[in-house]
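In my numbering, the protein residues as written are 162 to 661.
Cβ atoms here follow ideal geometry from the backbone N, Cα and C, with glycine treated the same way.
These numbers were taken from a predicted model, which means no experiment stands behind them.
See structure below.
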Amino acid sequence: MLNLSDLGRFVPLSRSMKFSCLFIVCLFSPFAQASAIYNPPGANLTLGSTNHNNGFSVLANNPAATAIVPSDQRSRGVGVNIGGGLEYGNVDEIFAIIDTLSEMLAGDGGDLPETPPPQLPDEPVQLPTDLTWQDILDNNPEFNAWFEAVQDQATFFASSFAIISQQAYAKAFVTADVPFLISNDIWGGSLSATYSSEGTSKALGIVDLFNFDADYALSQIDEARNLDPSAPETSFDLSDDIVLIVNPGEESVQLKFNNDSLLLTKAVITQNININYSREAYSGENGTLLWGLRPKLYRVGLTQVDTRFGELTDAESLFNDIRNADFHYANRVSLDLGVLWASQHYRLGATLLDPFSPEFSFPDFDPSRYSKSEVLTQLRQEMRYELKPQLRMEGSLFSRNKRWSTHLQLDANAATDPMSDKYQWLVVSTAYRNSNNWVPDLRFSYRKNLSGSNLGYFSSGITLFKIFNLDISRTAEMATISGDSLPRGLNLSLGLNFSF
């Protein structure tokens, strides 16, 4: 079974991300995944969803391609591919930043830790703790110093939350597939099947931006000064996020921070079984036109935990919460359609994925815990997952001896994954297949997500003895997590192919 703790040999994972990866793996023991919109497993990680000649992972691509599995694989066969990966948002030390802000909000403002995350603004002025009701009434220097500190704290939080709002997330997934070539001569065509399973988790910050108007805050304080000395405890909103609580009778003053910013942790388990049938529609001197269809059955489990910043003490506790959360399961059916023109030295194809747009829902959250409409709107959007249709186009060129090949994949539109991230891949790849089983096959590619993260991945892969596949993919962009400089994206895939 895939153990992503071994991924630490290639990249030093933070303790929290190791935990999330291992948790996903422990959720299931049989595996697989077809037509992943993440970086897919098998040789597809490098060559993309194209009609390449590298193993049975090609059966998970264009439904029309089953009918032209390479000649050395035209008997029955099975592939086993497993993979995993990490992706971080464009914010260094995201967990440390969130933990720091959470602690400060819980304490209604305060000092930064001794070694604050480097991306945070300069430390705000510490709020005086000895402000009295009489200071407010007298409008004396002590009050002025206190009010300047309030403004400085508000500016600090506004700047910090703006940082988090810029792609602040951490994501981990494992995926695998077991494609099985049943027959290339049945009902006038070819038949294959794939069982797949995928686990994904993501932690992202949803930000309630600080808005502080000093003039409005002073007008609220003036209202407080007009309270009758016998008035009960009364609250005044200095802004949407800061509340002044005064009790003239007891001459007490208290400042409270009330911000709806939260860390949302989501996890999804997707299991998929499909049957793929393809056959020739036309065959002539210049090539063959093939079509294929792939009915699919999805079983999807979804869960989420929403944690306000003021309630959060450690990023790892979020993953503990997700592990203990209940998954909401739903079954849906879908379909992929494909066409492929195959000539001696080139192939052109197109695939329409999920034209029926199956929908899934996460377990609901408690809306009474939040008061800001913007936060509630974003949370509700995150609770819904729709597999939107996606058109995928492909092309391949082969040398005379079929040893060299070049491939292109282009998604015509973006699709959204269960974590609400958009993917639209452009993949350019090349491969070399050796006729000698003892000499490895090699492949290289560059893939770019044209939507969402806009990350670019450099990938390479090797096939040993025509059986064992190893592919790795990483970004050039880096992020700092727990003091370690890591690629923003890293993926690893292992695969086996057997013909019989």
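In this structure, how does DSSP classify residue i when only helix, strand and coil are distinguished?
i    : result
I229 : helix
P648 : strand
V414 : strand
M639 : strand
F341 : strand
T512 : strand
Q381 : helix
I628 : coil
N595 : coil
V219 : helix
S190 : Because S190 sits at a pLDDT of 33, beneath the cut-off of 50, its placement in the model cannot be relied upon, and the point is left open.
R604 : strand
N408 : strand
D376 : helix
I185 : Summary for I185: the model assigns pLDDT 36, below 50, so the residue's position carries little reliability; its value from the coordinates is reported in the next sentence. DSSP places I185 in helix when its eight states are reduced to three.
P201 : coil
E264 : helix
L149 : One cannot answer for residue 149 here, as it falls past the ends of the chain, which runs 162 to 661.
Whose CA, out of the options, lies closest to the CA of residue i?
i    : options                   : result
S347 : V414, V536, R237 and E472 : According to the sequence as given, residue 347 is Ile; it is not Ser. Nearest C-alpha to I347: R237.
G448 : V404, L288, Q295 and L501 : L501
Y546 : W307, R553 and F523       : F523
V536 : D369, T261 and S351       : D369
K457 : P516, T468 and A310       : P516
Q287 : Q312, L281 and N301       : Q312
P528 : L571, S504, R564 and T468 : T468
F322 : S590, D260 and D389       : D260
S534 : S396, I367 and L571       : I367
N615 : L625, L587, G246 and D602 : L587
A635 : D578, G246, S581 and S210 : The question names Ala, but residue 635 in the sequence shown is Arg. It is G246 whose Cα lies nearest to the Cα of R635.
Q465 : L540, R530, Q295 and I297 : L540
A503 : W294, L451 and R460       : L451
Could you round the C-beta distance between residue i and residue j to whole angstroms and report it? I think they count as a contact, below 8 Å.
i    : j    : result
D402 : N419 : 6 Å
Q551 : N574 : 6 Å
G244 : T336 : 5 Å
N630 : G216 : 6 Å
P289 : A306 : 6 Å
Q314 : P285 : 5 Å
A375 : V407 : That pair is no contact at about 19 Å.
G360 : F334 : 6 Å
Do residue j and residue i have their beta-carbon atoms positioned less than 7 Å apart in this structure?
i    : j    : result
L647 : A637 : no
S444 : R508 : no
L463 : L365 : no
H506 : L208 : no
F470 : S422 : yes
Y593 : N610 : no
G650 : N223 : no
A228 : R440 : yes
Y618 : R604 : no
F521 : A491 : yes
K563 : N598 : no
F304 : I297 : yes
K332 : E254 : no
Could you tell me whether any non-hydrogen atom of the ligand SAH is closer than 6 Å to the CB of residue i?
i    : result
A491 : Of ligands this structure carries none, so the ligand SAH is not represented either.
task = Can you check the region 428-508 for any alpha helix (DSSP H) of at least 4 residues that lies completely inside it and give the ranges in chain order?
result = Listed in chain order, they are 476-485.
Ranges of the beta strand (DSSP E) found wholly within the region 535-565, counting only runs of at least 3 = Under the rule that a run must span 3 or more residues, the beta strand (DSSP E) segments found entirely inside the region 535-565 read 545-547 and 551-559.
key: Start-end ranges of the alpha helix (DSSP H) lying completely within the region 291-316, minimum 4 residues   = 294-299
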